[in-house]
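K.L.:
Residue numbers (the working numbering): 587 to 763.
Glycine included, each C-beta is placed from N, C-alpha and C at the ideal position.
I have a structure I would like to understand better, so I am pasting it below and will then ask my questions one at a time.
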Ligand SMILES: [Zn+2]
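Set out below in structure tokens:
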């Protein structure tokens, strides 16, 4: 089922810590995963966390691909359950982020985070995996991971004067292509 309305910033659900998933193969967990996959695609996002569709569980999905705003390197759909970032690079970089929960992804702003990370998690069928991520995938993972602890990217904006509307952001990205 597609979740047509993504929960918006200001709703208390988004600022609460999500709970660990006890049973990955349960109908309930599988339903949440399916809803996340349908919703990330429907809303043309590259990542979404369970809290954004009203489920306080430690699950998110990523699917880095070309969107209306960015021509990104293509990555497969990935599901992360009970994830843990076990290593982050010392080097940090600034990248513009947006979020389906912040004015329906119509606001972009610069955020500084580690360039590379290693994450451990369980996939959609309960297999544990370890992934080293860099580039945009690393960025999306860190953004979604924050959602599990109730943190929105707006708390990490490095320069408030550089906030952009999605339209201006798009113009800037097109001029760089
Ligand atoms: Zn987000």
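1) Are the CB atoms of residue 704 and residue 671 within a distance shorter than 9 Å?
2) Just the C-alpha distance for residue 717 and residue 665, rounded to the nearest angstrom, thanks.
3) According to DSSP, what are the bridge partners of residue 699?
4) So residue 618 is in the alpha helix (DSSP H); what residue range does that whole segment cover?
5) If you draw a straight line from the C-alpha of residue 660 to the C-alpha of residue 646, how long is it?
6) Please list, in chain order, all residues of the same chain as residue 624 whose beta carbon is under 8 Å from its beta carbon, the five residues on each side excluded.
7) Do you know offhand how far residue 697's Cα is from residue 734's?
8) Is there at least one non-hydrogen atom of ligand 1 closer than 8 Å to the beta-carbon of residue 641?
9) How would you label residue 732, buried or exposed, when you count the other beta carbons within 10 angstroms and need 16 or more for buried?
10) Measuring only from the beta carbon, is residue 634 closer than 8 Å to any heavy atom that is part of ligand 1?
11) If you run the structure through DSSP and keep just helix, strand and coil, what is residue 715?
12) In whole angstroms, what is the alpha-carbon distance linking residue 680 and residue 695?
13) If you check the beta carbons only, do residue 736 and residue 605 fall under 9 Å apart?
14) Can you look up residue 604 in the DSSP assignment and give me helix, strand or coil?
15) Out of curiosity, what's the CA-to-CA distance linking residue 677 and residue 598?
16) Which class does residue 740 belong to by DSSP, given the choice of helix, strand or coil?
P.N.:
Walking through what the data contain:
1) Position 85 of the chain shown, counting from 1, holds the residue named residue 671. Position 118 of the chain shown, counting from 1, holds the residue named residue 704. Yes, Cβ-Cβ distance for residue 671 and residue 704 is below 9 Å.
2) The residue labelled residue 717 in the question sits at position 131 within the chain shown. The residue labelled residue 665 in the question sits at position 79 within the chain shown. The alpha-carbon atoms of residue 717 and residue 665 are separated by roughly 12 Å.
3) To locate residue 699, count along the chain shown from 1; it is residue 113. In the DSSP output, where bridge partners are listed per residue, residue 699 has 679.
4) By one-based count along the chain shown, residue 618 stands at place 32. Segment 613-628, the alpha helix (DSSP H) holding residue 618.
5) For the purposes of this step, residue 660 is identified with residue 74 of the chain shown, where counting begins at 1. For the purposes of this step, residue 646 is identified with residue 60 of the chain shown, where counting begins at 1. Rounded to whole angstroms, residue 660 to residue 646 spans 18 Å at the Cα level.
6) Along the chain shown, one-based indexing puts residue 624 at 38. Taken in chain order, the residues that qualify are 587, 588 and 589.
7) Here residue 697 refers to the residue found at position 111 of the chain shown. Here residue 734 refers to the residue found at position 148 of the chain shown. Answer to the nearest angstrom: the Cα atoms are 18 Å apart.
8) Position 55 of the chain shown holds residue 641. It does not: the Cβ of residue 641 is nowhere closer than 8 Å to a heavy atom of ligand 1.
9) One-based indexing of the chain shown puts residue 732 at position 146. Buried.
10) Indexing the chain shown from 1 puts residue 634 at position 48. The answer is yes for residue 634.
11) Within the chain shown, the letter at position 129 stands for residue 715. Correct three-state label for residue 715: strand.
12) Within the chain shown, numbered from 1, the residue matching residue 680 stands at position 94. Within the chain shown, numbered from 1, the residue matching residue 695 stands at position 109. Rounded to whole angstroms, residue 680 to residue 695 spans 10 Å at the Cα level.
13) For this step, residue 736 is matched to residue 150 along the chain shown. For this step, residue 605 is matched to residue 19 along the chain shown. No, these two residues do not count as a Cβ contact at 9 Å.
14) On the chain shown, position 18 is the one that residue 604 refers to. In the structure shown, residue 604 sits in coil (DSSP, three-state: anything other than H, G, I, E or B).
15) As a working mapping, residue 677 is identified with position 91 in the chain shown. As a working mapping, residue 598 is identified with position 12 in the chain shown. Answer to the nearest angstrom: the Cα atoms are 33 Å apart.
16) The residue labelled residue 740 in the question sits at position 154 within the chain shown. Helix.
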